[in-house]
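Here the structure comes first, spelled out in structure tokens, and everything after it is commentary.
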Amino acid sequence: MNGPVVALCPCRPGESLDVGPLRAAKTVAGEAGAPVAAILVEAADRQIEQARSEGDLVVWDVRHADLSPLDDAERRGPVFVEALKQSGLGDFRLAVLPAGHVGAALAAAIGKSFDAAVLGACAEIVLTAGGVEARRSTCGGRVEIVVAADGRCVVATRDASQRGPSRRVGEVRPLRLATPLPDRRPVERVGAAGRDRSVATARVVIAGGRGIGGDEGFDRLRDLAGCLDGAVGGSLPAVDAGWVPVSAQVGQSGQFVAPEVYVAVGVSGTPQHLAGVGAAARIVAINTDVDADIFRFADVGIVAAWRDVVPALVRRLRSSPEAFSPDERDP
Amino acid sequence: MKVAVLLAGVADPRHPLTLRSSRPPEIRRDNPLVFSPFDEAALELALKIRDGRRDTAITAIVAGGAESDALVRKAAAHRLDSVARLESEALAIWDVGATAHGLAEALRGLATRPDLVLIGREFGDFDDGALAPCLAAALGWPLFDLAQFARWEGDELILVRDGRSAEERLGLRPPWVASVTNDRRNRLRHPLMKNVMEARRRGFDVLTVAPVVPSATLKAVAPARERTRREPCRFLTGSVENQVAELAAYLQPWRALR
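Here the protein sequences line up with chains A and B, keeping their order. Throughout the first sequence, residue numbering follows the numbering used here, covering 59 to 389 in sequence. Throughout the second sequence, residue numbering follows the numbering used here, covering 673 to 930 in sequence.
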């Protein structure tokens, strides 16, 4: 097979582009000398520019006349399918999606339409003579398997340590679609659940675990996130307790995050949780238990109760002199 | 309302994992099994639906080998209308496509078509969330993913989840597949002891499906590699005030712009 490697990027207004699929596609294609492209659906200008600046690839700026920002994968899936066909990328060898439930739903749609093997959320993805081979974490992060398939394949990527932007900028090609989409589901939207910023694309994630003990603690974590331009996430027990919405659950069973800094507060550090944190993230751990596993993986640790640390840290950050500009951020 | 709940179970995370074989069915046999939080959430959601309408019929299907019989009985202890074990050897449980087609075939083989299929957002130890959408695609049914709660409004069943910007509610017009995630409202209840005892005596069917042609090959199975670190953790010392000051300095480059 000589087809391209294609990154499929579902975009949400007001959020940064998740560059994980793009960089994974570039890395996989680059190692095999395969062409690479990206399909961005309903992307903002800023997101298109982000993709273009990754370089060395064709960026398809896809819009559909009947797609709204609230439409889910049921209606976005057919747009990606049609975009693959109309852009001439339907002979893809590998389609790369972001990890998570949106990527999984799109993978199912593309797998069915193109009779492609769906491999799940993988890392260390390589093209083989006839298909793809990739590594997937299983058994709650305790076992890794290597899966391989011939023909077209679809993967979600959990590997954040991929090739970064290059000096060349990509070429943008517009594609306007008007093919019929499935009827909108009668989903009613009420209130303002999940108001927190998305953890998936944040540069700083403040994550709370069972040790936070309640809603009030998460309010303090939101204060800290506000100081650091970050997003608040939680471990599975914190979601179970209702302290943080499921959309912000970090771990093997939740969101995969690849921030620059991951501040883990009251998080024990199970394999299931850490499987959701990119290996390149600097981890700051705050925990009362000096033997907590999280300290085995942390760069910086404080052994203390969050109540003694977080409010004081917020005060300190709020009262310190002018913040750095983005260009100065190079710790 | 006819509800089918698909359950898998996982190796108990409270015990170290025994990895003597590279065959997933044997790995499953070598380790004590429990329902995952997502299995439990799916089962509890079915029970909540029945709480609201007593004419709801629940069928639970546990995918696995004979080692899963205890899980079948655990589900049966909730006085379900029927329970069965789906022999999973033919499913290739690490292969999303094969497993989705096998489960779809098992559902098509039920005496009556379910109106709603509930499945945990992850199905067993070898799924990372890809299976539920592929199952819906294999059945040709719509998917409501990450459902957290359900309630009746008159004759209409409403499924609820947290969306990114709002709570999302779907009035169900069958058939649907819903993947279920953990939520404080769907923690699995404890069954009555008399029902636990009855479930131990009760028999159940073992379903089989024709072997599905795998869409992928399992090439290797190994313990997860330890996450590598550049250096040991730098514990901050001194008074809490000093530690806070040092941490604030460390985080200074990421401070939000004013």
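Heads up, the beta-carbon is just placed ideally off N, CA and C, and yes, glycines get one too.
Buried or exposed by the 16-neighbour rule on C-beta atoms within 10 Å, applied to residue i
| i | result |
| --- | --- |
| H159/A | buried |
| K891/B | exposed |
| I866/B | First, the amino acid is wrong: residue 866/B is Lys here, not Ile. With fewer than 16 Cβ atoms within 10 Å of its Cβ, K866/B is classed as exposed. |
| A251/A | A caution first: A251/A carries a pLDDT of 49, below 50, which makes its placement in the model too unreliable to give a value. |
| P295/A | buried |
| E132/A | buried |
| P8/A | As displayed, chain A neither begins before 59 nor continues past 389, which places residue 8/A out of reach and without an answer. |
| V248/A | exposed |
| N60/A | exposed |
| N914/B | exposed |
| H862/B | exposed |
| G72/A | exposed |
| V348/A | exposed |
| V99/A | buried |
| A187/A | exposed |
| D727/B | exposed |
Limits of the unbroken beta strand (DSSP E) element including residue i
| i | result |
| --- | --- |
| R193/A | G189 to T196 |
| E202/A | V201 to D208 |
| P156/A | L152 to P156 |
| A175/A | A175 to L185 |
| R81/A | Where R81/A is concerned, there is no enclosing beta strand (DSSP E), although the alpha helix (DSSP H) it sits in stretches over G78 to A90. |
| H122/A | V116 to H122 |
| F821/B | F821 to E825 |
| T889/B | T889 to P895 |
| L775/B | That residue, L775/B, is in no beta strand (DSSP E); its alpha helix (DSSP H) goes V768 to R780. |
Run of the alpha helix (DSSP H) containing residue i, from where it starts to where it stops
| i | result |
| --- | --- |
| W364/A | W364 to S377 |
| A871/B | M865 to R873 |
| L282/A | D273 to C285 |
| A109/A | D103 to S111 |
| C806/B | L803 to L811 |
| L679/B | First-last for L679/B: K674 to L679, but that is the beta strand (DSSP E), not the alpha helix (DSSP H). |
| S171/A | H159 to F172 |
| I352/A | I352 to F355 |
Alpha-carbon to alpha-carbon, residue j and residue i
| i | j | result |
| --- | --- | --- |
| E839/B | L829/B | 16 Å |
| R927/B | G300/A | 28 Å |
| L923/B | D351/A | 22 Å |
| V675/B | F907/B | 52 Å |
| R373/A | E318/A | 22 Å |
| D129/A | V137/A | 11 Å |
| K787/B | E89/A | Per the sequence shown, residue 787/B should be read as Asp rather than Lys. Looking at the two C-alpha atoms, the distance is approximately 47 Å. |
| V245/A | D114/A | 40 Å |
| D702/B | R780/B | 31 Å |
| K720/B | Q307/A | 24 Å |
| A101/A | L752/B | 47 Å |
| A175/A | Y320/A | 33 Å |
| P847/B | G169/A | 22 Å |
| V744/B | L919/B | 50 Å |
| I699/B | A363/A | 39 Å |
| F353/A | G327/A | 8 Å |
| T346/A | G324/A | 8 Å |
| L332/A | G309/A | 6 Å |
Which listed residue (the options) has its alpha carbon closest to that of residue i
| i | options | result |
| --- | --- | --- |
| V884/B | A732/B, A729/B and E759/B | E759/B |
| T853/B | Q144/A, E107/A and P303/A | P303/A |
| R856/B | L779/B, N703/B, Q820/B and G826/B | Q820/B |
| A192/A | D103/A, A95/A, L177/A and V201/A | L177/A |
| E903/B | V308/A, G359/A, G288/A and P232/A | G359/A |
| Q313/A | E229/A, N345/A, G78/A and V63/A | G78/A |
| R873/B | R780/B, A742/B and R899/B | A742/B |
| G269/A | I344/A, G336/A, C67/A and A65/A | I344/A |
| R121/A | G324/A, I97/A and R104/A | I97/A |
| A809/B | A888/B, M673/B, T889/B and A850/B | A850/B |
| E202/A | L803/B, L679/B and P696/B | P696/B |
| P338/A | T237/A, V325/A, V315/A and H331/A | In the sequence as presented, Pro is not what sits at residue 338/A; that position holds Ala. Nearest option by C-alpha distance: V315/A. |
| I765/B | V789/B, G737/B and T784/B | G737/B |
| E870/B | T731/B, S693/B, H750/B and A756/B | H750/B |
| V212/A | R725/B, W824/B, S887/B and A683/B | S887/B |
| A896/B | T196/A, S305/A and A283/A | T196/A |
| A83/A | R231/A, S74/A and P93/A | P93/A |
| A157/A | E140/A, R194/A, S145/A and A187/A | R194/A |
| C180/A | G792/B, D799/B and G835/B | D799/B |
| D76/A | V86/A, A65/A and G148/A | A65/A |
Expected contact under 8 Å - CB spacing of residue i and residue j to nearest Å
| i | j | result |
| --- | --- | --- |
| A322/A | V916/B | Their Cβ separation, rounded to whole angstroms, is 16 Å, which puts A322/A and V916/B out of contact at 8 Å. |
| A207/A | V190/A | 6 Å |
| P709/B | D298/A | 7 Å |
| A95/A | P62/A | 5 Å |
| L155/A | A165/A | 6 Å |
| V789/B | A732/B | With a Cβ gap of about 11 Å, V789/B and A732/B do not count as contacting. |
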